[in-house]
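Engineer:
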Amino acid sequence: MSASSAQQAPHAGAIRWWLIAVAALIAVMVVVGGATRLTESGLSIVEWKPVTGTLPPLNEAQWAQAFEGYKAIPQYRELNAGMTLSEFKTIFWWEWSHRLLGRVIGAAYLLPFLYFLWRGAFSAELKKRLWLIFALGALQGAVGWWMVASGLSQRTEVSQYRLATHLVLALIIFASIVWTLRRMTARPQPDFPQRLKVSGVALLALTFVQIYFGALVAGLRAGRVYNTWPEIDGALIPSAARLWFEEPWWRNLFDNTLTVQFEHRMTAYALLALAVLHAIDAIRSRAGAAVISGAWSLVAAITLQAGLGILTLLNQVPIDLALAHQAVAILVLALAVLQTERLVSRHAAYDRRKPILPLGQPG
């Protein structure tokens, strides 16, 4: 063992627990962000103060000042005119908690990261990966304010494009940490059929697409508009005239509430079908217990997610079902990341045969 490896080894367990804790905090952050969206709280704080904003209003004068800032934006004037200070405090606390949790995650990542850097606890590859995750986290803070700013002047809600970007970036960071954890703890695996690898990557990519569409649904409140299943707008497949009336045509994919909800449903069906085919292929390929178990775990999670999505829709998006739906989406993503990393990473290819050593050489 080299001197560098000997220095890194004692910290391996601590690094894993640190990353697990950060990933768990990000998952909680995503769910709190969903609650902030569902309670229409995201525009209650109209300033971005990364340091001084840590403290909430501490007296009645400060509360009045915060409330006056909210009264100046279109959401208050058009949707919440006449709101009391007590009602404002409710939405304020959701948004403040969401922002505070973001700061906690930043500190929970940065401080141990600097400590482990100082101790020389990272390999060169791991250090690069963790610096990239740190950069994505810093970008996420800016994207969060970019999202909020879209609803402060001309709109009564944030842009669904920016909301979806904010959510997907958070889950890219989460997925990067899960992938890193898997790389740190994985044992050598045999090489797998190329077809199985491709379907694993496709599952992960489609999961991100589905999450993006789900964020558009949330941003447009599309789940509150068409509350029947399996039909939508009176049919299994709505009429083209209803799906594609916006110009140019591609805007329907992001702005038309019917099209956005329809594409979210269709992607869910495609994701479940692909997961089942992937699991069957894993069995036929004799890919090993870990891959087969991972594939069927993914099928189970996607099935649960689809069921929660249907219940959320039929009940017109109650907050408890909606947050459960979002939480299971994070589980689906974690399982998809683990399965894909298990199949495609470089450590997966190894020679089963033992090396043939010259006679007399110790082995």
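Just so it is clear: in the sequence shown, position 109 is 92 by my numbering, and no numbers are missing. Cβ atoms here follow ideal geometry from the backbone N, Cα and C, with glycine treated the same way. Computed from a predicted model, the values in this text were never measured in an experiment.
1) Could you please give me the residues that DSSP links to alanine 218 through a beta bridge?
2) How would you label isoleucine 74, buried or exposed, when you count the other beta carbons within 10 angstroms and need 16 or more for buried?
3) Check this for me: beta carbons of arginine 318 and glycine 183, under 8 angstroms apart or not?
4) Hey, how far is the Cα of leucine 135 from the Cα of glycine -4?
5) Can you find the residues in the same chain that come closer than 6 angstroms, C-beta to C-beta, to leucine 294, ignoring five residues on each side of it along the sequence?
6) Of all the alpha helix (DSSP H) runs that stay within the bounds of the segment 109 to 191, which reach a length of 4 or more residues?
7) Our contact map puts isoleucine 27 next to glutamate 78 with C-beta atoms below 8 angstroms; I'd like the distance itself, whole angstroms only.
8) Kindly give me the distance between the Cβ atoms of arginine 207 and glutamine 58, rounded to whole angstroms, as I take these residues to be in contact under 8 angstroms.
9) With a floor of 4 residues, list each alpha helix (DSSP H) that falls wholly inside the segment 219 to 295, ordered by position along the chain.
10) Can you round the beta-carbon distance between tryptophan 268 and leucine 179 to whole angstroms, since I take them to be within the 8 angstroms contact cut?
11) How is arginine 204 classed by DSSP in three states: helix, strand or coil?
12) Taking the alpha helix (DSSP H) that glutamate 23 belongs to, which residues open and close that run?
13) Can you give, in chain order, each stretch of the alpha helix (DSSP H) that sits fully within the segment 31 to 66 and has at least 4 residues?
14) Can you have a look at alanine 30 and say buried or exposed, based on whether 16 or more other CB atoms are within 10 angstroms of its CB?
15) Which of the three DSSP states, helix, strand or coil, is assigned to phenylalanine 105?
16) Distance, Cα to Cα, methionine 66 vs glutamine 288?
17) Consult DSSP for valine 300 and reduce its assignment to one of helix, strand or coil.
18) Which class does serine 69 belong to by DSSP, given the choice of helix, strand or coil?
19) Indicate the three-state DSSP secondary structure (helix, strand or coil) for tyrosine 195 in the structure shown.
20) Please name the residue in Arg20, Leu316, Ile302, Gly197 whose C-alpha comes closest to that of threonine 139.
21) Taking 7 angstroms as the limit between beta carbons, can you name the residues of its chain near phenylalanine 191, skipping five residues before and five after?
22) Between the alpha carbons of proline 338 and proline 173, how many angstroms are there, rounded?
23) Looking only at its chain, what residues have a beta carbon closer than 6 angstroms to the beta carbon of leucine 2, apart from the 5 residues adjacent to it on each side?
24) Just to check my reading of the structure: leucine 349 and leucine 186 have Cβ atoms closer than 8 angstroms, yes? What is that Cβ distance to the nearest angstrom?
25) Is the CB-CB distance between leucine 68 and tryptophan 101 below 8 angstroms?
26) On the three-state DSSP scale, how would you describe serine 80?
27) Using 8 angstroms as the Cβ pair cut-off and three pairs as the minimum, do the segment 208 to 221 and the segment 307 to 324 touch?
28) Going along the chain, which residues of its own chain have a beta-carbon closer than 7 angstroms to the beta-carbon of arginine 225, five neighbours each way excluded?
29) For the candidate residues Leu291, Ala278, Tyr195, Lys110, whose alpha-carbon lies nearest to that of leucine 97?
30) Measuring straight from C-alpha to C-alpha, what distance separates isoleucine 266 and threonine 323?
31) Do valine 126 and glycine 25 have their CB atoms nearer than 8 angstroms?
32) Would you mind stating whether histidine 247 and glycine 290 have Cβ atoms separated by less than 8 angstroms?
Structural biologist: Put simply:
1) DSSP output for alanine 218 lists Ile215 as bridge partner(s).
2) buried
3) A quick correction: the sequence has leucine, not arginine, at residue 318. In terms of Cβ geometry, leucine 318 and glycine 183 do not form a close pair [threshold 8 angstroms].
4) 45 angstroms
5) Leu304
6) 143 to 168
7) A small correction: the amino acid at residue 27 is serine; isoleucine does not occupy that position in the sequence shown. Indeed they touch by this definition, with Cβ atoms about 5 angstroms apart.
8) Rounded, the Cβ-Cβ distance is 17 angstroms, inconsistent with contact.
9) 223 to 226, 235 to 238, 240 to 267
10) A quick correction: the sequence has serine, not tryptophan, at residue 268. Contact flag correct, Cβ pair sits at about 6 angstroms.
11) coil
12) Counting along the chain, glutamate 23 falls outside any alpha helix (DSSP H), and DSSP gives it neither H nor E.
13) 43 to 54, 57 to 62
14) Here residue 30 is glutamate; the residue named in the question, alanine, does not match the sequence. So glutamate 30 ends up on the exposed side.
15) coil
16) 36 angstroms
17) coil
18) helix
19) helix
20) Arg20
21) Val151
22) In this prediction, proline 338 scores a pLDDT of 36, lower than 50, which makes its location untrustworthy; no coordinate-derived value is stated.
23) If we look at leucine 2 and ignore the five residues flanking it on each side, its Cβ neighbours are Ile160, Leu164.
24) Because the chain in this structure spans residues -16 to 346, residue 349 falls outside the shown range and cannot be described.
25) no
26) helix
27) no
28) Asp216, Leu241
29) Closest option to leucine 97, Cα to Cα, is Lys110.
30) Distance between isoleucine 266 and threonine 323, taken at the CA atoms: about 16 angstroms.
31) It is not a contact, given that the beta carbons lie outside the stated cut-off.
32) no
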